[in-house]
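Below: one structure, written as structure tokens.
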Amino acid sequence: MNHTPLRTVLSCTLLVMSLGAGATACLGDGGSPLAEKPYDATGQIAFNDPGKGKADPDKPLEITVKDDGVRITDVTAVDEDGRRLAGELSADGSRWHNTAPMAAGTRYTVRVSTENEDGAPGARTLTFETAATQKVLKVTFGPEKGTYGVGQPVTAELGAAVEDKAARAVVERALRVESEPAVEGSWHWVDGKNLHYRPKDYWPAGTVVRVHSNLKGIKVGKGLYGGNSAPLSLAIGDRIEALTDAAAHRMTVKRNGEVIKTIPVTTGKPGFATRNGIKVVLGKEYFVRMRGSTVGIPEGSDDAYDLPVYYATRVTWSGEYVHAAPWSVGSQGFANVSHGCTGMSTANASWFYDTIRKGDIVEVVGSLGSAMQPFGNGFGDWNLTWDKWRNGSALLTGMLDSGPTDTARLRPQV
Numbered sequence: 011m012n013h014t015p016l017r018t019v020l021s022c023t024l025l026v027m028s029l030g031a032g033a034t035a036c037l038g039d040g041g042s043p044l045a046e047k048p049y050d051a052t053g054q055i056a057f058n059d060p061g062k063g064k065a066d067p068d069k070p071l072e073i074t075v076k077d078d079g080v081r082i083t084d085v086t087a088v089d090e091d092g093r094r095l096a097g098e099l100s101a102d103g104s105r106w107h108n109t110a111p112m113a114a115g116t117r118y119t120v121r122v123s124t125e126n127e128d129g130a131p132g133a134r135t136l137t138f139e140t141a142a143t144q145k146v147l148k149v150t151f152g153p154e155k156g157t158y159g160v161g162q163p164v165t166a167e168l169g170a171a172v173e174d175k176a177a178r179a180v181v182e183r184a185l186r187v188e189s190e191p192a193v194e195g196s197w198h199w200v201d202g203k204n205l206h207y208r209p210k211d212y213w214p215a216g217t218v219v220r221v222h223s224n225l226k227g228i229k230v231g232k233g234l235y236g237g238n239s240a241p242l243s244l245a246i247g248d249r250i251e252a253l254t255d256a257a258a259h260r261m262t263v264k265r266n267g268e269v270i271k272t273i274p275v276t277t278g279k280p281g282f283a284t285r286n287g288i289k290v291v292l293g294k295e296y297f298v299r300m301r302g303s304t305v306g307i308p309e310g311s312d313d314a315y316d317l318p319v320y321y322a323t324r325v326t327w328s329g330e331y332v333h334a335a336p337w338s339v340g341s342q343g344f345a346n347v348s349h350g351c352t353g354m355s356t357a358n359a360s361w362f363y364d365t366i367r368k369g370d371i372v373e374v375v376g377s378l379g380s381a382m383q384p385f386g387n388g389f390g391d392w393n394l395t396w397d398k399w400r401n402g403s404a405l406l407t408g409m410l411d412s413g414p415t416d417t418a419r420l421r422p423q424v
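Under the working numbering, the first residue of the sequence shown carries the number 11, and numbering increases by one thereafter.
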């Protein structure tokens, strides 16, 4: 048996008892002013309307009442990308103005709700465009679309340097990184034109990462507004980690936590010791001609070299690779004799080359070399602690780690 009609009758009956006029409410005959269709309040509301021209985004948008018997009850201003313009309504309902800058080069729809002295609702809708700007800040995301290892940071390169802290906060707030599964992460300002984004821990294997900018038209600084930026989508593959113990002359390679190969290696000899720390694979080159002169070693000196190198996996921009070194097989597993690279047999280097991908982790421990720097020579991002990484954010600097709150702040829903 269907009891829905009975519940409807009871609802109307209760409404009659509570309002004293419930029958008109259920029947919808317009007995209450709140049930009336809003009247056209055009003659009662004034805008600083640009008319046939385009509004200056640097000037405030003001909405006022022209009739003492009318008050504004609500205002929503939304641009063509669905972004709401923040504003403030006076206590007496006589004036509304925006509290955040309007976007440049966009179209706004403004809906104003009013109420007259009899309680009847009114409404007016206005549409207008804001003028474009000559100074546009473009954002280019990286790396290129594809599948990467769990250590791959997301990069954002700005078309102009942004140094002001408040302006950096505007930019960072508009750069959105979303992932499935969701993870805690943060942007870090490398310098005025470059930001890197990484999670607190390595990306989980199988993660899908989506990056986009909501900066279009948004005011960044005086005369500078955000421009269009292409979104980016990345896939994260298996968790591949190669740990090189320079003191033990061994590399241990893991896939998703399981050891899949142990390789005898040689690393940098005294004076050319391999950097300690976590490095992210930058790329792979089947053949590289390696010459000592490119790293400051004079030709003709005892340390000079000019070698054809195969199966070269790059981990720094300055020329550190994991590669085949058939000339040092006798030292691999026993001594460090290279000029800073990690050398192994041709067969092992071929296997490593086929197994590794951009974004995978190569970590070196036990070397007498210096530490891998976080920036400037590849992706050393993971050598910063999470607290230090967060301190490079314009939004999170100095804040305590609050877990899920950061995720919501960095990836708000539009």
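Cβ coordinates follow ideal geometry from the N, Cα and C atoms, glycine included. If you're wondering where the values come from, they're calculated on a predicted model, not measured in any experiment.
Environment of residue i [buried if 16+ CB atoms lie within 10 Å]
i, result
"Ala404", "buried"
"Ala113", "buried"
"Val269", "exposed"
"Lys226", "buried"
"Lys76", "exposed"
"Ala101", "exposed"
"Pro111", "buried"
"Ala96", "exposed"
"Glu330", "buried"
"Asn266", "exposed"
"Thr52", "exposed"
"Ser189", "buried"
"Thr143", "buried"
"Asp370", "buried"
"Glu182", "buried"
Same chain, Cβ closer than 6 Å to residue i, neighbours up to 5 away in sequence not counted
i, result
"Glu90", "Thr116, Arg117"
"Asp201", "none"
"Leu234", "Lys145, Leu147"
"Thr74", "Ala56, Arg105"
"Ser355", "Val339"
"Gly103", "Arg81, Ile82"
"Thr407", "Asn401"
"Glu139", "Lys64, Arg117"
"Ala166", "Val149, Phe151, Leu185, Leu205"
"Pro48", "Pro131, Gly132, Ala133"
"Lys264", "Glu251"
"Asp248", "Ala215, Arg265, Asn266"
"Val88", "Arg94, Thr119"
Close-in-space but distant-in-sequence residues of the same chain around residue i (CB under 7 Å, 5 per side omitted)
i, result
"Gly195", "Val187, Tyr207, Arg208, Pro209, Lys210, Leu420"
"Asn126", "Gly79, Val80, Gly132"
"Trp199", "Arg178, Leu205, Gly402, Ala404"
"Asp66", "Ala141"
"Tyr363", "Lys294, Tyr321, Thr323"
"Leu242", "Phe151, Lys155, Val221"
"Leu317", "Met300"
Proximity of residue i and residue j at Cβ, strictly below 8 Å
i, j, result
"Ser223", "Leu168", "no"
"Gly287", "Ala381", "yes"
"His259", "Gly343", "yes"
"Ala257", "Gly376", "yes"
"Val180", "Val230", "yes"
"Ala359", "Tyr320", "yes"
"Gly216", "Ile246", "yes"
"Thr323", "Asn387", "no"
"Ala252", "Val372", "yes"
"Val160", "Ser239", "no"
"Thr5", "Met261", "Within the shown structure, residues of the chain are numbered from 11 to 424, placing residue 5 beyond reach of any answer."
"Lys368", "Leu292", "yes"
"Thr124", "Gln54", "yes"
Residue closest to residue i, alpha-carbon to alpha-carbon, out of the options
i, options, result
"Gln162", "Val275, Ala110, Val219", "Val219"
"Ala357", "Lys271, Thr52, Ser328", "Lys271"
"Val332", "Asp84, Asp102, Thr254", "Thr254"
"Val290", "Tyr158, Pro318, Lys226", "Tyr158"
"Gly92", "Ile228, His107, Val221, Gly63", "Ile228"
"Asp84", "Pro70, Gly63, Thr135", "Thr135"
"Tyr315", "Gly53, Lys294, Gly350", "Gly350"
"Phe151", "Leu244, Gly53, Lys264, Val263", "Leu244"
"Leu71", "Leu292, Ser341, His107", "His107"
"Trp425", "Gln383, Pro384, Ile273, Glu46", "Residue 425 lies beyond the range of the chain shown here (11 to 424); nothing can be said about it."
"Asn393", "Leu378, Arg183, Tyr212, Thr143", "Tyr212"
Sequence-distant residues of its chain with Cβ nearer than 8 Å to residue i (five each side left out)
i, result
"Thr86", "Arg94, Val120, Arg121"
"Ser348", "Thr276, Thr277, Gly278, Lys279, Phe282, Thr284, Ala335, Ser338"
"Asp50", "Gly132, Ala133, Arg134"
Contact test: residue i Cβ vs the ligand SAM heavy atom, cutoff 7 Å
i, result
"Glu98", "The model depicted lacks the ligand SAM and carries no ligand whatsoever."
inquiry  = Is it the case that the stretch 164–175 contacts the stretch 288–308, given that we only count it when at least three CB pairs across the two stretches are under 8 Å?
reply    = no
task = Mind the definition here: the stretch 380–397 touches the stretch 307–316 only if three or more C-beta pairs lie below 8 Å; say whether that holds.
result = no
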